[in-house]
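Colleague: Residue numbers (my numbering): 303 to 534. Cβ coordinates follow ideal geometry from the N, Cα and C atoms, glycine included. Keep in mind the model is a prediction, meaning the values are calculated, not measured. Before I ask anything, here is the structure I am working with.
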């Protein structure tokens, strides 16, 4: 009988997620029974990163932990309902811990605790309270490999798409960029390293400029533009 605590890992497919999962697997305190990812019901790609579910499945298979994709409607109206259903289902399986790869955005952590704690789930944050510089240094030292797949147009130009995260690349970031991309400056896809049994193959046939509409806490509506890799 395993004495490890059952947990679900909230998987984005990116560098912070992979680094946090690597730490959890090395420390061996939790039995991670699933990698949970929210995907758009419209295009079956992950939120923000826009990673196709087929590539997420490849990652999960190579890691050796089942993927649990949760389809969310385009307008996110069913997000909380869907997540509550999934959380309660995992609770019935004996899960009491949800693990995330957040770094230092306190409002994000507070939101997660507000949603999960009342349902009997504890939020675990293996990278919490590290600086962005520390997280990037730890990622690069880990041997994990990631390519940049999304950049914010006004922060990093199209030339960064498809490049491997390296110290040289990080050194090339403009001064106002969070090196971890914590403010949405960029997102990545992890494809190789010691958590994978085999390299996750994919290609980037084209890059598109896309936009997202956001409503700020003030009620103001804004549009943000991104360079987005098409992943095949």
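1) Measure from the alpha carbon of residue 532 to the alpha carbon of each residue in 491, 500 and 526, then state which is nearest.
2) Identify every run of the beta strand (DSSP E) within the stretch 398-466, keeping only runs that are complete inside it and at least 3 residues long; order them along the chain.
3) Start and end of the alpha helix (DSSP H) containing residue 382?
4) Which residue from 514, 321 and 501 puts its Cα closest to that of residue 404?
5) Roughly how many angstroms lie between the CA atoms of residue 421 and residue 486, to the nearest whole one?
6) Verify whether the separation of the beta carbon atoms of residue 338 and residue 306 is less than 7 Å.
7) Is it the case that the Cβ atoms of residue 367 and residue 497 are separated by a distance below 7 Å?
8) Which of the three DSSP states is assigned to residue 306 in this structure?
9) With a 10 Å radius around its C-beta and 16 neighbouring C-beta atoms as the bar for buried, classify residue 402 as buried or exposed.
10) How big is the Cα-Cα spacing for residue 379 and residue 342?
11) In whole angstroms, what separates the C-alpha of residue 480 from that of residue 387?
12) Residue 471 lies in the alpha helix (DSSP H); which residues open and close that run?
13) What does residue 337 pair with, by DSSP beta-bridge criteria?
14) Measure the beta-carbon distance from residue 446 to residue 468 and round it to whole angstroms, keeping in mind my assumption that it falls under 8 Å.
15) For residue 527, list the residues DSSP reports as bridge partners.
16) Quick one: what's residue 348 bridged to in DSSP?
17) I'd like to know whether the C-beta atoms of residue 310 and residue 397 end up nearer to each other than 7 Å.
18) Determine the DSSP secondary structure at residue 478, reduced to helix, strand or coil.
19) Name the two residues that bound the continuous alpha helix (DSSP H) containing residue 319.
Modeller: In this structure, then:
1) Out of 491, 500 and 526, 491 has the C-alpha closest to the C-alpha of residue 532.
2) 399-401, 424-426 and 447-454
3) 381-394
4) Measuring from the Cα of residue 404, the nearest candidate turns out to be 321.
5) Whole-angstrom Cα-Cα distance: 29 Å.
6) no
7) no
8) Coil at residue 306, not helix or strand.
9) So residue 402 counts as buried.
10) 12 Å
11) 35 Å
12) 469-473
13) 311 and 369
14) Going by Cβ atoms, the distance from residue 446 to residue 468 rounds to 12 Å, so no, they are not a contact pair.
15) 513
16) The partner list for residue 348 (beta bridge, DSSP) reads 341.
17) yes
18) coil
19) 317-329
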